[in-house]
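Trainee: Sharing a structure with you now.
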Amino acid sequence: MTSPTTRPGLAPAPRRGLRAVAAVASTLVLLTSGVAWAGVAQFDAGVTRIQIPGLGGEVGHSDPMNILLVASDSRDGITRSQAAKLHLGHDNYGAPRTDTMMLVHIGADAGSVSVISLPRDTLADLPAYTDAQGKKHQAHQAKLNAAFAEGGPTGMVATVESMTGLKIDHYVEISFSGFLRMVDAVGGVEVCLPTALKDKNSGLDLPAGRQTIQGAQALAYVRARYVDPTSDLGRMKRQQKFIASIVKKATSAGTLLNPVRLDSFLTAVAHSITTDSGLGKDQMLDLADRLKGTSPSNVAFETVPLGAPEKIPGIGDVLTWDKKKAAALFTALKNDQPIVAPAPSASASATTVTVAPSAISVAVLNGTSTTGLGARAANDLAGLKFSIAGPAQNATSPVGSATVVSYDPRWDQSAKTVAAAIPGSTLTPVAGLGRTIRVTVGTSYAGVQKVTVAKAPSPSSSSPAPRTAADDICKS
């Protein structure tokens, strides 16, 4: 895969159905599942790297980080036959373009990850640039995705930095050829549809309800634009739900502890991404170490606040940002404030966590048939400073999906801290168990999250809470 740092002038009108929208999902999975980066050495050679002026500087291990994710609609790796089946088109396609841009902010302690969708039709002020033919272009207004079409990654980064006031540390671009393989590599992704969706432009044909979709239908699901009355905004919401679902799937034990599936997933992604030259193997490994304890419930998705739409002569219908709310959002990110408070598990969300992990002894049992899952959970909990009472053992009987936190009622506050650290876990009192809390790992175990010994803050406004990767996929 190749990706120049600049591209020729802006192409004419957008072509129907050529939208590489959800390829961002695979990149986000890598950024939010530290365990996946454990295989970075084996696939590092497959990653394409480019020079982008201003990027590649050292970011401290504990410093906040901003990554710009861009989905390119490149046809590299897709045959004409495959393109026809996927309703993509192939011949005379021209230079790659983007319809999906996301800004990922990783907090200083990696306890939270904020993903901000930037609408493609946003009215943007593009800075001056020089194209691939050496022609100089003056600063001008255009839609945000024109920054990529005209100025390539360099122009895209400069425009986003100018509009948000944030320094971009790294750039990741992915084509959708790997998206298909990536979805199939994890065994498909679950979605939830309130009504049936059918769109001849993208090839989408799905019934209502919960279902698991494979590569081709997954691509159609996130590409379809005309099945929703809100067009691109509705599509962005579907993308966010899909990405949240694939983050949960790819960080589950079924993927991370399955060598064949994990290798297939990493290989699919590695040969489809382009990064700035500063995001090398060492930086990836450092990022893995930072993110290894991040829970899906602390990966929050939001769309930049929008103002009134406008019609601009020579540009067309555009979206504008709500200046006050957008400024507040980006100021919060600049100050490293998460857009959603770190969330304890549902079973412990209504209680106060009063006991620190370092004061709690935990015994871990593997309640599944997955070899090594108990040891992984014990290691995860140790990373949060819990005291682990010996090596993980196998449970006498399976516990099913949810991880069970068993505790003596005399140490209920300690149990609540453990449950808050394991998203989706359930609390079970056992009289006479003693001071040590027993954790029996279930099949849905996907890692731990950092806990704060304080009451969770109340929402500061009436705005809807951002979606997180741990939310139920049927949540609107």
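End of the sequence shown = 1771 in our numbering, gap-free, step of one. Even glycine gets a Cβ: it sits at the ideal position worked out from N, Cα and C. All figures in this text were calculated on a predicted structure; none of them were measured in a lab.
Can you tell me which of V1354, H1566, E1485, R1518 puts its alpha carbon nearest to the alpha carbon of A1340?
Mentor: Taking the first residue of the sequence shown as position 1, residue 1340 is located at position 45. Of the listed residues, the one whose Cα sits closest to A1340 is H1566.
Trainee: In this structure, does DSSP put Y1516 in helix, strand or coil?
Mentor: Taking the first residue of the sequence shown as 1, we reach residue 1516 at position 221. Here Y1516 sits in helix by DSSP.
Trainee: Restricting to Cα atoms, I'd like to know which of K1495, G1352, A1513, W1706 is closest to A1726.
Mentor: Locating residue 1726 in the sequence shown gives position 431, where the first residue counts as 1. Among K1495, G1352, A1513, W1706, the Cα nearest to that of A1726 is on W1706.
Trainee: Kindly indicate which three-state DSSP category R1730 falls into: helix, strand or coil?
Mentor: What you label residue 1730 is simply residue 435 of the sequence shown in a count that begins at 1. Coil.
Trainee: Ignore the nearest five residues each way along the sequence and tell me which others in H1435's own chain have a CB closer than 7 Å to its CB.
Mentor: As a working mapping, residue 1435 is identified with position 140 in the sequence shown. The answer, listed in chain order, is L1421.
Trainee: Which of the three DSSP states is assigned to K1711 in this structure?
Mentor: Numbered from its first residue, the sequence shown carries residue 1711 at position 416. Here K1711 sits in helix by DSSP.
Trainee: Compare the C-alpha of K1532 against each of A1595, S1470, F1443, E1605 and name the closest.
Mentor: Taking the first residue of the sequence shown as 1, we reach residue 1532 at position 237. For K1532, the nearest C-alpha among the options comes from A1595.
Trainee: Apart from the five residues on each side of it in sequence, which residues of its chain come closer than 6 Å, Cβ to Cβ, to S1572?
Mentor: Position 277 of the sequence shown, counting from 1, holds the residue named residue 1572. Here the set comprises R1344, Q1346, G1351.
Trainee: What three-state label does DSSP hand L1439 in the structure shown?
Mentor: To locate residue 1439, count along the sequence shown from 1; it is residue 144. It is coil, neither helix nor strand.
Trainee: So L1501 and L1488 are in contact, right, with Cβ under 8 Å, and what is the actual spacing, rounded?
Mentor: Here residue 1501 refers to the residue found at position 206 of the sequence shown. Here residue 1488 refers to the residue found at position 193 of the sequence shown. The Cβ separation is near 6 Å, so the contact holds.
Trainee: Can you tell me the Cα-Cα spacing of I1263 and G1575, whole angstroms?
Mentor: There is no way to answer for residue 1263, as the model of the chain reaches only from 1296 to 1771.
Trainee: Is the beta carbon of V1736 sitting closer than 8 Å to the one on A1672?
Mentor: Taking the sequence shown and counting its residues from 1, one reaches residue 1736 at position 441. Taking the sequence shown and counting its residues from 1, one reaches residue 1672 at position 377. Yes, they are a contact pair.
Trainee: Taking the Cβ atom as the reference point for each residue, do T1712 and V1650 lie within a distance shorter than 8 Å?
Mentor: Here residue 1712 is taken as the residue at index 417 of the sequence shown, counted from 1. Here residue 1650 is taken as the residue at index 355 of the sequence shown, counted from 1. Yes.
Trainee: Do A1480 and S1497 have their beta-carbon atoms positioned less than 8 Å apart in this structure?
Mentor: Mapped onto the sequence shown, residue 1497 falls at position 202. Mapped onto the sequence shown, residue 1480 falls at position 185. No; because the gap between Cβ atoms is not below 8 Å, this pair is not in contact.
Trainee: According to DSSP, is Q1534 helix, strand or coil?
Mentor: The residue given as residue 1534 occupies position 239 in the sequence shown. Here Q1534 sits in helix by DSSP.
Trainee: Checking 8 Å against the spacing of the C-beta atoms, do V1648 and V1748 come in under that value?
Mentor: Sequence index remark: in the sequence shown, residue 1648 carries index 353 (1-based). Sequence index remark: in the sequence shown, residue 1748 carries index 453 (1-based). Yes, they are a contact pair.
Trainee: How far does the beta strand (DSSP E) with T1723 in it reach, from first residue to last?
Mentor: Here the question's residue 1723 lines up with position 428 in the sequence shown. Here the beta strand (DSSP E) through T1723 covers 1721 to 1724.
Trainee: Is A1603 buried or exposed, if buried means 16 or more other CB atoms sit within 10 Å of its CB?
Mentor: Counting from 1 along the sequence shown, the entry for residue 1603 is found at position 308. The residue is exposed, with fewer than 16 neighbouring Cβ atoms inside 10 Å.
Trainee: Relative to the alpha-carbon of V1399, which residue among K1745, E1456, G1678 has its alpha-carbon at the smallest distance?
Mentor: The count along the sequence shown starts at 1 and reaches residue 1399 at position 104. Among K1745, E1456, G1678, the Cα nearest to that of V1399 is on E1456.
Trainee: Would you kindly report the start and end of the unbroken beta strand (DSSP E) that includes F1625?
Mentor: Locating residue 1625 in the sequence shown gives position 330, counting from the first residue. Per DSSP, F1625 belongs to no beta strand (DSSP E); it is in the alpha helix (DSSP H), 1618 to 1629.
Trainee: Determine the closest residue to S1559 out of V1743, L1628, G1483, with distance taken between C-alpha atoms.
Mentor: Indexing the sequence shown from 1 puts residue 1559 at position 264. Closest option to S1559, Cα to Cα, is G1483.
Trainee: In this structure, how does DSSP classify V1467 when only helix, strand and coil are distinguished?
Mentor: If you number the sequence shown from 1, residue 1467 lands on position 172. Residue state, collapsed to three classes: strand.
Trainee: At the level of alpha carbons, what is the spacing between L1461 and N1361?
Mentor: Taking the sequence shown and counting its residues from 1, one reaches residue 1461 at position 166. Taking the sequence shown and counting its residues from 1, one reaches residue 1361 at position 66. Those two C-alpha atoms are separated by around 8 Å.
Trainee: Consult DSSP for K1462 and reduce its assignment to one of helix, strand or coil.
Mentor: Taking the first residue of the sequence shown as position 1, residue 1462 is located at position 167. In the structure shown, K1462 sits in coil (DSSP, three-state: anything other than H, G, I, E or B).
Trainee: Thinking C-alpha only, which one of G1729, G1510, F1681 is nearest R1476?
Mentor: Working through the sequence shown from its first residue, we reach residue 1476 at position 181. R1476 has its Cα closest to that of G1510, out of G1729, G1510, F1681.
Trainee: Determine, using beta carbons only, whether I1732 and S1696 come nearer to each other than 8 Å.
Mentor: Indexing the sequence shown from 1 puts residue 1732 at position 437. Indexing the sequence shown from 1 puts residue 1696 at position 401. No, Cβ-Cβ distance for I1732 and S1696 is not below 8 Å.
Trainee: What first and last residue would you give for the beta strand (DSSP E) that runs through G1504?
Mentor: If you number the sequence shown from 1, residue 1504 lands on position 209. It spans 1504 to 1508 - the beta strand (DSSP E) in which G1504 sits, taken as one unbroken run.
Trainee: Taking contact to mean 3 or more Cβ pairs, one atom from each stretch, closer than 8 Å, check whether the segment 1655 to 1668 and the segment 1681 to 1701 are in contact.
Mentor: Segments in contact, yes.
Trainee: List in chain order: all unbroken alpha helix (DSSP H) runs of 4+ residues lying wholly within the segment 1639 to 1697.
Mentor: Whole alpha helix (DSSP H) segments, 4+ residues: 1668 to 1678.
Trainee: If T1663 and P1693 are in contact, beta carbons under 8 Å, what's the gap, nearest whole angstrom?
Mentor: Here residue 1663 is taken as the residue at index 368 of the sequence shown, counted from 1. Here residue 1693 is taken as the residue at index 398 of the sequence shown, counted from 1. At roughly 6 Å, the Cβ-Cβ gap stays under 8 Å, so T1663 and P1693 are in contact.
Trainee: By alpha-carbon positions, which one of D1631, P1652, K1495 ends up nearest to V1746?
Mentor: For the purposes of this step, residue 1746 is taken as residue 451 along the sequence shown, with counting starting at 1. Among D1631, P1652, K1495, the Cα nearest to that of V1746 belongs to P1652.
Trainee: Going straight from the alpha carbon of Y1466 to that of P1724, what length do you get?
Mentor: As a position in the sequence shown, residue 1466 is number 171, starting the count at 1. As a position in the sequence shown, residue 1724 is number 429, starting the count at 1. Their backbone Cα atoms lie some 48 Å apart in a straight line.
Trainee: Quick check: what's the CA-CA separation for C1769 versus Q1433?
Mentor: Taking the sequence shown and counting its residues from 1, one reaches residue 1769 at position 474. Taking the sequence shown and counting its residues from 1, one reaches residue 1433 at position 138. In a straight line, the C-alpha of C1769 is about 46 Å away from that of Q1433.
Trainee: If you count every other CB in all the chains shown that lies within 10 Å of the CB of E1445, and 16 or more means buried, which is it?
Mentor: Taking the first residue of the sequence shown as position 1, residue 1445 is located at position 150. Counting Cβ neighbours within 10 Å, E1445 comes out buried, since at least 16 surround it.
Trainee: Using the Cα positions of P1761 and G1429, report the straight-line distance between them to the nearest angstrom.
Mentor: For the purposes of this step, residue 1761 is taken as the residue at position 466 of the sequence shown. For the purposes of this step, residue 1429 is taken as the residue at position 134 of the sequence shown. Each residue's alpha carbon lies about 43 Å from the other.
Trainee: I1411 and E1605: beta carbons closer than 8 Å?
Mentor: To locate residue 1411, count along the sequence shown from 1; it is residue 116. To locate residue 1605, count along the sequence shown from 1; it is residue 310. Cβ distance not < 8 Å, so I1411 and E1605 don't count as in contact.
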